[in-house]
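>
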Amino acid sequence: IDYALKYLSNPKVKFFDYGIMKTFLEGSNNGLFYAHFSKSKIKPLFFYINPFSNEEVRFMRRLKGPSYIYAPEIINQFHTQQEYVDSSFINEPEKNDLYIRQYQIDCTLEGSRLNFSAQTIIEFTPLIDSLKWLAFALYDELEMDSLFWGDGTPAMYIKEKGNPVLWVKGDTPFLKDSLYVLKMNYHGKLIERKKDWFYIQSSKGWYPRHGEYQKAMFDITFHYPDDFDLVSIGERVSQDTSDNIITSHWRTSSPIRNASFNVGFFDEYRIEKSNLPPVTVLIAETGHQEIARALSRIGVGSGKNMEKEVGGDIYRSIELFQEVFGPAPVDHFYITDIPYMHGEAFPGLVHLSWITFQRTAAGGMDEVFRAHEVAHQWWGIGVDIKSYHDQWISEGFAEYSGWWYYQSRLQEEKKEKDYYDMLKDWRKKITGNRKYFLGKGQAAAPIWLGYRTHSSDTKGDYNLIIYKKGAWILHMLRSLLTNVDTGDDSQFEQLMKGFYREFVGKNASTEDFMEYIEEKIGTNMQWFFDQWVYGSQIPTYHAAHQIVTTPSGEYQVNCRIRQSGVDETFRMPLLIAVTFKNETSPKVFRVWVEGKESQHTLGTFPEKPEKVIFNYHESVLCELKTEKW
């Protein structure tokens, strides 16, 4: 028993599995079932039916890793049979006990180390009748000082330092759809200072949360020393200074999912154009000067005027996205410098890694990264997702937006070949690494699995599959809809613009996207989504061609494509380009590859072809091999 409990609890911080803890606290009979079993003690398996999970049934194994870590990881996860019968999960993809309507947060950042404390008032309504306890997520290093109901009555709660769950007990069982108010006071080590860099340890966990996809109104006030700069989400409605303390007030005009802020020593660079919202770039210049000195000692240079270079990519990408998707859903963009390796986006607020402010790498990585985070204002924030299965609509769409922006930059510079070279590199990484990531004999996970593409066996797959392969789906869709004679891709652009317009301010699913495409182009697209979103197969094409002379003295190209690594029903439109010595532009053909072998005849041509290029413009995510006829 003691060994089994190690996978459910952490006595040091008084943490116990949420589902079991909630069952005992509520004292309810709810069908929860948990089993721990194994042939080998150190390799246990777990079967868990948790009625509080979005997908209730889980089969798990021990997480592979150091022997002192006792944690399960998911092998398979799904709904109960009854939920599949009545389809209740379709309209309610997330199970929540309550709906938080509004946050009123008053934060104090004190002294040179910005010691954090806050008072948060939440208005909420229970979604279930007769609940006895409520659970909130709060950064584990934050400690509660006091908690009161709206009428000033103290509330009973449990929150241990190091434990990310705050439990709150009702004086009487909560009534469904009634309005309640909680006032919380807490403090803790949220911000760590290292010289002139300030590390916010949790960008979203600094206020109590319930559920992943809920949206609420935010009214936030910050108090901080006047030698610092701070930006947050929504609109800055006021800012005053008194006794060397700045009081900055921020408010949202519509409900949002996540709220954040950034604070530090920043230099400000503003961009104002008549056709787009104002952009404010905040760069931690003194921090970068220190890094530049360290890099110079090992012979690595840093960029100059990086706030302008980053700002240029920001406003140009906003211009493009407003053109191809629609108006930006925010009135102001704040682009901030963070001392981390990643980026993150919130409504009107974008965190970019310090690396992209230090220098711009060759190959488009930084241009794509900057535009990706900007694109989240459209995909992930403007259009939100319904569940983790649809994560690619946020990350894959934003990634392809970054690719699209990089392509537009290269088109202006007459270097579009570099864009397709980048796609070729990513295609090879996706097709070449999937076996390594997933182990011998194990198929790659489909995009539809979202965060579950990452496991102790597949640590690199989430980024590769959700971001890169997700983006490739849009690239293949764009290729499918492009007019091969003119190169016109306006149908794809109108499709993306229309989908954004249809779902802005809403939560969209993969099924919503597929149905929207089918409605607009008048073609069944189930086969495409079955192959690329719900499935994981990637074809290998063995391509061959021969140039033949016709009886009339003209030329034709005979093409043969053998397909392997996929089911015989797997089919895709492949672009083939034929080039000529005396023509600047190739002749492009779209052929369908299906089954074990496909043969096609291209032409006739008055001039003998110079080259035949299979998978022109990287039209299909595939492994491509050429062979003799």
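Here the sequence shown is numbered in this note's numbering, starting from -15 and rising by one per residue. Note that CB positions come from ideal geometry on N, CA and C, so glycine has one too. Nothing here was measured: the structure is a model prediction, and the numbers come from that model.
1. Apart from the five residues just before and just after P557, which ones in its own chain have a Cβ nearer than 6 Å to its Cβ?
2. Exposed or buried, which one is I53 when buried takes at least 16 other CB atoms within 10 Å?
3. Once you ignore the five residues that flank R241 on each side, which residues in its own chain have a CB closer than 6 Å to its CB?
4. Evaluate contact between the region 324 to 336 and the region 271 to 291, counting only Cβ atoms and requiring at least three cross-stretch pairs below 8 Å.
5. From which residue to which residue does the alpha helix (DSSP H) around E256 run?
6. Helix, strand or coil, according to DSSP, for R241 in the structure here?
7. For E502, which three-state DSSP category applies?
8. Along the chain, where does the alpha helix (DSSP H) containing T320 start, and where does it finish?
9. Looking at I89 and I204, is the spacing between their C-beta atoms short of 8 Å?
10. Okay, do the region 218 to 226 and the region 254 to 264 touch, 3+ Cβ pairs below 8 Å being the bar?
11. Whole angstroms is fine: what's the gap from A561's alpha carbon to C543's?
12. So, is K592 buried or exposed, given that buried needs 16 or more other C-beta atoms within 10 angstroms?
13. For Q306, which residues of its own chain have a beta-carbon under 7 Å away from its beta-carbon, when the five flanking residues on both sides are left out?
14. With three or more C-beta pairs closer than 8 Å as the rule, is the region 53 to 65 touching the region 90 to 105?
15. Only counting the same chain, and skipping five residues up and downstream in sequence, which positions put a Cβ closer than 8 Å to that of L174?
16. On a CA-only basis, which of E10, H20, D113, F589 is nearest D(-14)? Give me that one, please.
17. Here's the rule: buried if 16 or more other CB atoms are within 10 angstroms of the residue's CB, otherwise exposed. What is S301?
18. So what's G172 in DSSP terms, helix, strand or just coil?
19. Kindly indicate which residue of K398, F476, F353, P430 has the alpha-carbon position closest to the one of H373.
20. Which residues does DSSP list as the beta-bridge partners of Q583?
21. Pop quiz: F245 and F206 are said to be a contact at Cβ under 8 Å. What is the actual Cβ separation, rounded to whole angstroms?
22. Are Y525 and C606 touching if we call contact CB-CB under 8 Å?
23. Let me know the secondary structure DSSP gives G425 once reduced to three states.
24. Buried or exposed: N599, going by 16 or more other Cβ atoms within 10 Å of its Cβ?
25. Let me make sure I understand the geometry here. Which of V215, H360, G146, E107 has the alpha-carbon closest to that of R193?
26. For G295, which of helix, strand or coil comes out of DSSP?
27. Using the Cβ count rule (16 or more neighbours within 10 Å means buried), how would you classify A345?
28. Applying the criterion that 16 or more other CB atoms from any shown protein chain within 10 Å of the CB defines a buried residue, is R42 buried or exposed?
29. Report all residues from its chain with a CB closer than 7 Å to the CB of E40; omit the five preceding and five following residues, and keep chain order.
30. Quick check on Y384: does DSSP put it in helix, strand or coil?
31. Please state whether DSSP places P(-5) in a helix, a strand or coil.
32. Can you list, in chain order, the residues of its chain with a C-beta nearer than 7 Å to that of L82? Leave out the 5 residues immediately preceding and following it.
33. What did DSSP end up calling A359 once you bin it into helix, strand or coil?
34. If I'm right that F202 touches T236 with Cβ under 8 Å, what's the distance once you round it to whole angstroms?
35. With DSSP run on the structure shown, which of helix, strand or coil describes G154?
36. Whole angstroms is fine: what's the gap from T507's alpha carbon to K481's?
The answer reads as follows:
1. L464, R574, W576
2. When all chains shown are included, I53 counts as exposed.
3. K199
4. no
5. That residue, E256, is in no alpha helix (DSSP H); its beta strand (DSSP E) goes 251 to 257.
6. coil
7. Collapsing the DSSP output to three states places E502 in a helix.
8. Unbroken run through T320 is the beta strand (DSSP E), 317 to 322; no alpha helix (DSSP H).
9. Yes, these two residues count as a Cβ contact at 8 Å.
10. no
11. 11 Å
12. exposed
13. Excluding residues within five positions, the ones whose Cβ falls inside 7 Å are L260, A312.
14. At 8 Å Cβ cutoff, the stretches do not touch.
15. F100, Y123, E125, L126, I184, Q185, S186, W190
16. For D(-14), the nearest C-alpha among the options comes from H20.
17. buried
18. strand
19. Between H373 and the set K398, F476, F353, P430, the nearest pair of CA atoms involves P430.
20. R544
21. 7 Å
22. yes
23. Bear in mind that the predicted position of G425 carries a pLDDT of just 47, short of 50, making it unreliable; the figure below should be weighed with that in mind. Looking at G425 - three-state DSSP - the assignment turns out to be coil, as it is neither helix nor strand.
24. buried
25. E107
26. helix
27. exposed
28. buried
29. I33, N34, H63, T64
30. helix
31. helix
32. F108, T109, P110, L111, L118, H194
33. Residue state, collapsed to three classes: helix.
34. Indeed, because the Cβ distance is near 5 Å, the residues count as touching under 8 Å.
35. strand
36. 19 Å
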